[in-house]
Structures are given as structure tokens and as C-alpha cells.
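J.: Numbering (the numbering used here), first residue to last: 2 to 203. Every residue, glycine too, gets a C-beta built ideally from N, C-alpha and C.
(1) Tell me residue 10's beta-bridge partners as DSSP assigns them.
(2) Could you tell me which of 51, 109 and 120 sits nearest to residue 75, measuring between CA atoms?
(3) Since I believe residue 186 is in contact with residue 174 (beta carbons under 8 Å), could you give me their beta-carbon distance rounded to a whole number of angstroms?
(4) Output needed for residue 140: all residues of its chain with C-beta closer than 6 Å, excluding positions within five of it in sequence on either side, in chain order.
(5) Closest to residue 193 by CA distance: which of 177, 82 and 183 is it?
(6) Does the region 148-156 come close enough to the region 124-138 that 3 or more CB-CB pairs lie under 8 Å?
(7) Beta carbon of residue 147: closer than 7 Å to some heavy atom of the ligand SAM?
(8) Taking all protein chains shown into account, decide if residue 72 is buried (16 or more other Cβ within 10 angstroms of its Cβ) or exposed.
(9) Bridge partners for residue 107 per DSSP, in chain order?
(10) Consult DSSP for residue 134 and reduce its assignment to one of helix, strand or coil.
(11) What first and last residue would you give for the alpha helix (DSSP H) that runs through residue 45?
(12) In the DSSP assignment, what residue or residues form a beta bridge with residue 140?
(13) For residue 115, which beta-bridge partners are listed by DSSP?
(14) Among the residues of its own chain, which have a CB less than 8 Å from the CB of residue 65, if the five just before and after it don't count?
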């Protein structure tokens, strides 16, 4: 997002340094970002760190009852867990994931949690592949362009969750997951999903 703003709207001083950190750092966490800032003294890294800390504080200040999963997600997760191993691959901090997912009974359907301290999403998907999961047998669900990129770089499949259409997407997941199980997810179906996803982002 910052790269696009820098290239299309207004220059962001030091964005190249932050971009380099995102591309080369395995663990995208506040700790590694802080270390990068202390090494370089780059103001852009400090701004991103301050923003990240503030976001975490605001999320922690919210009541857990306000952090509801999207409608249809729990049902989709429960159904998928009967036929597949479930890995949470998230850039959120580990404590937040365990607290929120356990509160809503979501962890009962999860086999492994890979949070920000485990590495980037691209790295974590790659590690799952190294453990023996074939790329074409991995269906990565995500709501950001970086999620699509992480899946594509690992040759994994991608199921998009579009902003403003979350409930609809999770309700439609049943069809996508069935195609995934049958081996008919790739091709026209996947291409159309990605097309819709990119249109939503624009």
C-alpha cells in the first residue's frame, strides 16, 4: 500500500528501506522492525513501528465481545476441518490469536497456529510445503493482496475474502472447498475468484 502511494500519489521518505525490510525479513514483527530501525535510524521504520504499536494497543483495548468472527466463518472452518488439516497463518500476534480464537471456540478446529513470530505468510506456507504438503493441496484463504502473493510464490491455491463481502464469501466457501477436494479448483474457477478479488481491492 505504501509503495503504491509513493509511486502514484505522494513521495514517502524512506519507503525503500521499509520495502526492503518487508522483502528480506523472515519474521515481520515489532521486535524485528524495532531492531531494523535501531540499526538504520530510518524515520520511516519508526513511523511504521509507532503505527503498529498503536494498532495493537487499540485492538487490545477492545472488548473481546467486539472482536466477532465474520458470519459463516465458524461453520466453514468446522466443515473444512473434517476433511483437511487447518493451519492459521496470520500476521497477528500469537497471544491475540489464541485469546480470540479460543474464546469463540475456533481453536477446536485448528491443527497449527503460525503467527507473526513464526515468520511471514510466504515463509510459513513454504514451511508447510517442506513438511510434506503439496502446494496444489494447500488452499490459503486471505483478504489482502499480500496473501495472494504469498500463496502464488509458493504455488499454493488461494481463496479470497473480499472487503464488504466477508459473509457472502464464507457462505460460498463450501463450493470452493468441495472443488478443492475434488481437484477442480484450479483453472477458470480460481481465475474468476482472483479477478473478483482484485476488482474489489481497486
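T.: In short, the structure shows the following:
(1) Note: residue 10 sits in no beta bridge, so no partner.
(2) 109
(3) Taking a contact as a CB-CB distance under 8 Å, the pair residue 174 and residue 186 does not count as one, their CB atoms being some 12 Å apart.
(4) 158, 160 and 181
(5) 177
(6) yes
(7) The ligand SAM is not part of this structure, which contains no ligands at all.
(8) Of the other Cβ atoms in all chains shown, fewer than 16 fall within 10 Å of the Cβ of residue 72; this residue is therefore exposed.
(9) Answer is none; residue 107 lacks a bridge partner.
(10) coil
(11) 44-62
(12) 158
(13) Answer is 90.
(14) 100, 101 and 104
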